[in-house]
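Have a look at the structure below, then the notes.
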Amino acid sequence: MLGEMILKGDATTLESAEIDLFAEPVCTNTAVRRAARRLGNLYDAAFAAVGLKATQAGLLAGLDRLTTGNHGTPPTLQELASNLAIQISALTHALKPLVREGLVELRPDAQDGRAKRVALTASGTERLHAADLHWSTVNQRVEKVLGSESAAALRTLADRVASDSFLAAYDELLSQDTGAP
């Protein structure tokens, strides 16, 4: 038996419950993906009013954050992909509709012509600001349902799993375990 945290009826109090590992599958990846789909649907519904999906709004926000943090210099595709913890191919696929809509543009890097920088356009910045109110509203609702402490813990754990240090620690374990896939 293994204890897990479950939400009580008021959706703000957590209590410990026993689960049988053989009665239901326990998979961190499955649980996180299910939660991500649920949250993604809620955020998608909120961003529909400004013509964005949650993934697009997150990409625009991440791009804006990186550009601001780099004194106005847009990030390279590699820098943005690394920051978002996605592969370059997935990033370029996600950027296509944003480029088509004129929200983002790809520019050659001044120092390295092979590299491309990803820049928000004026329309992209405007759309991002329009999305901000919708993000704030849905985010407050999610936090109210989860409770402030649980929402903060969820964000902290998600950030930890997405970090380079988590991947390095996992890779270290993998290199020590010769019998695992």
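Quick note: the sequence shown uses our numbering, first residue 51, plus one each step.
Yeah, the Cβ is synthetic: ideal placement off N, Cα and C, and Gly gets one too.
Counting along the chain, where does the beta strand (DSSP E) carrying residue i start and finish?
i: Val-154; result: 154–158
i: Ala-169; result: 166–170
If you draw a straight line from the alpha carbon of residue i to that of residue j, how long is it in whole angstroms?
i: Asn-203; j: Thr-175; result: One point to set straight first is that residue 203 is Ala, not Asn, in the sequence displayed. Spanning the two alpha carbons is a distance of roughly 30 Å.
i: Leu-223; j: Ala-85; result: 26 Å
i: Phe-97; j: Leu-110; result: 12 Å
i: Ser-132; j: Glu-151; result: 24 Å
i: Thr-117; j: Gly-197; result: 32 Å
i: Gly-108; j: Ala-144; result: 11 Å
Any chance the CB of residue i is under 6 Å from a heavy atom of the ligand GTP?
i: Gly-112; result: By its list of ligands, the structure shown contains no ligand whatsoever, and the ligand GTP lies outside what it can speak to.
Can you tell me whether residue i is buried or exposed? The criterion is at least 16 other CB atoms within 10 Å of its CB, across all chains shown.
i: Tyr-220; result: exposed
i: Ala-181; result: buried
i: Leu-148; result: buried
I need the boundaries of the alpha helix (DSSP H) containing residue i, first residue and last residue.
i: His-143; result: 138–150
i: Leu-102; result: Unbroken run through Leu-102: none, as it is neither H nor E.
i: Val-211; result: 198–212
What is the DSSP secondary structure of residue i, reduced to helix, strand or coil?
i: Thr-126; result: strand
i: Gly-163; result: coil
i: His-121; result: coil
i: Ala-111; result: helix
i: Val-135; result: Looking at the sequence provided, one finds Ala at residue 135 rather than Val. Ala-135 falls in the coil class under three-state DSSP.
i: Val-76; result: coil
i: Asp-227; result: coil
Taking 7 Å as the CB-CB limit, is residue i close to chain B?
i: Val-149; result: Among the protein chains of the structure shown there is no chain B, as only one such chain exists.
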